[in-house]
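J.: To convert a position in the sequence shown, counted from 1, into the numbering used here, add 3.
Yeah, the Cβ is synthetic: ideal placement off N, Cα and C, and Gly gets one too.
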Amino acid sequence: MARLNATRQPDLVLISWSRNPLIPGSSRRIIAARIIGNASPCRQDLHPNALLSTALACLLDNDVGFKIVFSKKTSAISGYLLLQR
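Structure below.
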């Protein structure tokens, strides 16, 4: 009898970010994040008003394995990212 293996579904993280328009060069902060699947061990970094750089540092770590598959700036101060593992 043949053995069937279930294929693992990808984990996805969608992040919407924004900068403070009143402070030139301000850090990008997370407005909202949606997780489809699992984002461990970085889930605690994906909350509103968290620094985007901190979340990306965790997600893009080689041990975690996420990669940016789409990135779009919607204005000079906002945008979104889609990451997949």
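1. Rounded to whole angstroms, what's the CA-CA distance from S74 to A36? Just pull it up for me.
2. Terminal residues of the continuous alpha helix (DSSP H) containing L15?
3. Taking S74 as part of the alpha helix (DSSP H), name the residues at either end of that continuous run.
4. Taking the straight line between their C-alpha atoms, what separation do you get for V16 and T77?
5. Give me the DSSP bridge partner(s) of R37.
T.: In terms of the structure at hand:
1. In the sequence shown, counting from the first residue as 1, residue 74 sits at position 71. In the sequence shown, counting from the first residue as 1, residue 36 sits at position 33. One C-alpha to the other measures close to 14 angstroms.
2. Along the sequence shown, read from residue 1 onward, the residue named residue 15 stands at position 12. Where L15 is concerned, there is no enclosing alpha helix (DSSP H), although the beta strand (DSSP E) it sits in stretches over 15-21.
3. Residue numbering aside, residue 74 sits at position 71 when the sequence shown is read from its first letter. Segment 70-76 is the beta strand (DSSP E) holding S74; no alpha helix (DSSP H) there.
4. Counted from its first residue, the sequence shown places residue 16 at position 13. Counted from its first residue, the sequence shown places residue 77 at position 74. Rounded to whole angstroms, the gap between the alpha carbons of V16 and T77 is 18 angstroms.
5. Position 34 of the sequence shown, counted from the first residue, corresponds to residue 37. Paired residues: L17.
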